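What follows is a single structure, written as structure tokens, with notes after it.
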Amino acid sequence: MAMSLAGEVKSDGRSVAGAIVRYLSLDDSWIQRVDIAGPGFLNFFLSSGWLEKAMADIWKKGPTYGRTGYGKGKRILLEFVSANPTGPLNVVNARAAAVGDCLASLLEASGYEVSREFYVNDAGHQVDLLADSLEARYRQALGEDAPLPENGYQGEYLLDIAKELVTEEGDRLLGLLAEERHQWLKGYVVSCMVEQQKKTLLDYGLKYDTWYSEKSLRERKAHEALVEELKERGFIYEKDGALWLRSTDFGDDKDRVVVKSDGEMTYLAPDIAYHKDKLMRGFDHLIDILGPDHHGYVDRLRAGLMALGYPGDVLEVIIAQTVRLVRGKQVVKMSKRGGEFISMDELLEDAGKDACRFFFLMRAPSSHLDFDLDLARLQSNENPVYYVQYAYARIASIFRQAGQEGFVPASGPNEVKFSLLRDSSEIQLMKLLAAFPEEVRDISVAREPNRLIKYMMNVAAAFHSFYTRCRVLGEDKDLSAARLYLARLCQIVLANALRLAGISAPDSM
RNA sequence: GCGCCUGUAGCUCAAUUGGAUAGAGCGACAGACUACGGAUCUGUAGGUUGUGGGUUCAAAUCCCGCCGGGCGCACCA
23 MAMSLAGEVK SDGRSVAGAI VRYLSLDDSW IQRVDIAGPG FLNFFLSSGW LEKAMADIWK
83 KGPTYGRTGY GKGKRILLEF VSANPTGPLN VVNARAAAVG DCLASLLEAS GYEVSREFYV
143 NDAGHQVDLL ADSLEARYRQ ALGEDAPLPE NGYQGEYLLD IAKELVTEEG DRLLGLLAEE
203 RHQWLKGYVV SCMVEQQKKT LLDYGLKYDT WYSEKSLRER KAHEALVEEL KERGFIYEKD
263 GALWLRSTDF GDDKDRVVVK SDGEMTYLAP DIAYHKDKLM RGFDHLIDIL GPDHHGYVDR
323 LRAGLMALGY PGDVLEVIIA QTVRLVRGKQ VVKMSKRGGE FISMDELLED AGKDACRFFF
383 LMRAPSSHLD FDLDLARLQS NENPVYYVQY AYARIASIFR QAGQEGFVPA SGPNEVKFSL
443 LRDSSEIQLM KLLAAFPEEV RDISVAREPN RLIKYMMNVA AAFHSFYTRC RVLGEDKDLS
503 AARLYLARLC QIVLANALRL AGISAPDSM
């Protein structure tokens, strides 16, 4: 403030800061003193009374410490992963899942009402192709020489499903009419895939509120109604036998086809219809987490919503950048055709849920991420996930020890001689703990879950440092009680932070 | 060619959104209490923030040019 004012009043920052300080009237129970530093910064030093109160607040709130009412109950729909039901989830899906789930939790903690949603693309060409691919595998399993369709799905998972199909149904399906069989197979294979994806995500500790079916949307003719509505609003025109959305009116770089000249719809119409449907369900704000290959799609989608009369900022898109798998220094090539393909299931089995989530959350969503398979699997100090969990386990261990040795922890903040907590490591730890609710709020507003990881690392570091410098269970009973109190507060914050990240908090490791 | 993301220590990344001496982890090196878990702690070395300009009290951050990396630019989904 002093520095930005300095120019206006033709003075320098420090002088303005001095003037501000002279006229300040502060409640000295919270503010100890004010200093001027550097080019004119005003540093307010909080009193230990403030810190004591902040600590008591943690104790009082326990598992709800960190929650604020910032979002005022505003309803947010967060859509993420939404992988096609044409195969197992992959590594990029795992990143989106970690980021989306954590972000949802953070927003909930900040006072928003959040719904997690997965959009199932169970209609359209790719699932037809999937059904045809399965038919070929099914016939092969029955001994026929049936080739896969061109560009068909070659993954091994279809072989397994085909085998199962033969056990369950025998050759019964061959007796059906071609169209009947196609529909049957399509329904069957899509539900298999969706169930598989659900299970993978559940293993990840992630449960969606809604699995929204594109097919159901099309059966209601929502996409057709949407085109009609856009026509009535005057944003549709005909050219070369196709219907175009005038998306350039809303910032897109060219207009987009919604109905092709052969009468088929492009993907855009159902997608706009879907997002309209979200808003019709009463959500105030929509967040989509998309892969980088979809970023070109965002403008036209937003244009569609704006053409319907919604403000452009109801839709917010977070692009989760690509993931590169690495073993040490070796890049793992992933190709669906020949080489190595690592599914999310394999990743989870290999590295475990906690390490996976931790690694994916560690980086900003917008950054290109190297996931080191060797490191994630390593159960040693090189793996940062254990740094935080170890701090938590250590605290639990202290309390086990305290119980055995007859230490009696305080039954509330009033019993604690707070002034005994004055080591630099204790002060540092308390400052961090006091910042948690503000951190959660800032992090959710910025949509940067990676900062939650950073925060946890800082708390863990402060705790480890405290643990090394200050013996908790010692001769002085008052001091021990105060330090047990601090350990308890730290435990609460770590537990709450880990819960937000979807990472477990082990009592021992 | 156009658009989005990106370039910071040997490696992987931060930097409170324009603030103070650019910080962590890993790796390297040197150390640590005969008690609460050494998966820990305390230090040291390591930087012209890709590059050249500009904006201002202040730039890793904003603007312009150039160089490198990733991903997109369909009457596909």
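If you count by the working numbering, then the first sequence holds residues 23 to 531, one letter each, in order.
C-beta atoms are modelled at their ideal positions from N, C-alpha and C, and glycine is treated no differently.
From a predicted model like this one, the values you see are computed outputs, not experimental measurements.
Contact between the stretch 419–428 and the stretch 151–159 (3+ Cβ pairs under 8 Å): The count of Cβ pairs closer than 8 Å, one atom from the stretch 419–428 and one from the stretch 151–159, stays below three, leaving the stretches out of contact.
Proximity of Ala24 and Leu73 at Cβ, strictly below 8 Å: Taking 8 Å as the cut-off, the beta carbon of Ala24 is found no closer than this to the beta carbon of Leu73.
Candidates Ser69, Gly174, Tyr134, of which the one nearest Leu99 by Cα: Tyr134
Boundaries of the beta strand (DSSP E) in which Gln54 is found, first to last residue: Gln54 -> beta strand (DSSP E) spans 53–59.
Inter-residue spacing [alpha-carbon to alpha-carbon] between Phe272 and Met328: 7 Å
Coarse secondary structure for His307, derived from DSSP in three states: strand
Lys261 - containing beta strand (DSSP E), residue span: 258–261
Local conformation of Ala264 per DSSP, three classes: strand
C-beta atoms of Met366 and Ala116 nearer than 8 Å: Taking 8 Å as the Cβ cut-off, Met366 and Ala116 qualify as a contacting pair.
3 or more residues per run - each beta strand (DSSP E) lying fully within the stretch 23–87: 53–59, 63–68
Nonlocal neighbours in the same chain, by C-beta distance under 6 Å from Ser51, ignoring five residues either side: Excluding positions up to five away in sequence, the list reads Gly71.
Extent of the continuous alpha helix (DSSP H) to which Ser238 belongs: 236–241
C-alpha gap between Val481 and Val345, whole angstroms: 28 Å
Inter-stretch contact at 8 Å, needing at least 3 Cβ pairs: the stretch 193–204 / the stretch 97–114: no
Unbroken stretches of the alpha helix (DSSP H), 4 residues or longer, contained in the stretch 435–487: 446–456, 458–468
Helix, strand or coil at Val216 according to DSSP, with G and I counted as helix: helix
Contact under 8 Å by Cβ, Ile294 with Leu248: yes
Start-to-end residues for the beta strand (DSSP E) that takes in Tyr141: 135–142
The stretch 82–94 touching the stretch 448–467, judged by at least three CB pairs closer than 8 Å: Contact holds: three or more Cβ-Cβ distances are below 8 Å.
Collapsed DSSP secondary structure at Phe393 in the structure displayed: strand
Heavy atom of the ligand ATP within 7 Å of Lys282 beta-carbon: This structure does not include the ligand ATP; it has no bound ligands of any sort.
CA nearest to the CA of Ala398, picked from Ala373, Val354, Tyr234, Met384: Ala373
Ser502 in three-state terms, based on DSSP: helix
Buried/exposed call for Gly428, threshold 16 Cβ in 10 Å: It counts as exposed.
Beta carbon of Leu323 nearer than 8 Å to that of Leu301: no
Bridge partner(s) assigned by DSSP for Ser365: Answer by DSSP bridge pairing, in chain order: Asn112.
Between the CA atoms of Ile58 and Ser33 - distance to the nearest angstrom: 15 Å
Nearest neighbour of Val142, chosen from Leu495, Leu400, Arg240, Ser402 [CA to CA]: Arg240
Which listed residue (Gly313, Ala39, Ser433, Tyr92) has its alpha carbon closest to that of Gly122: Measuring from the Cα of Gly122, the nearest candidate turns out to be Gly313.
Outcome for Arg359 when other beta-carbon atoms lying within 10 angstroms are tallied against a minimum of 16: Only weak support is given to the placement of Arg359: the predicted model assigns it a pLDDT of 45, under 50, and the value that follows is read from those uncertain coordinates. Result: exposed.
C-beta contact flag for Val438 and Tyr332 at 8 Å: no
For Met384, the three-state DSSP class (helix, strand or coil): helix
C-beta atoms of Met531 and Tyr409 nearer than 8 Å: no
Close Cβ partners of Gln450 (< 6 Å) along its chain, the five nearest in sequence each way excluded: Ala484
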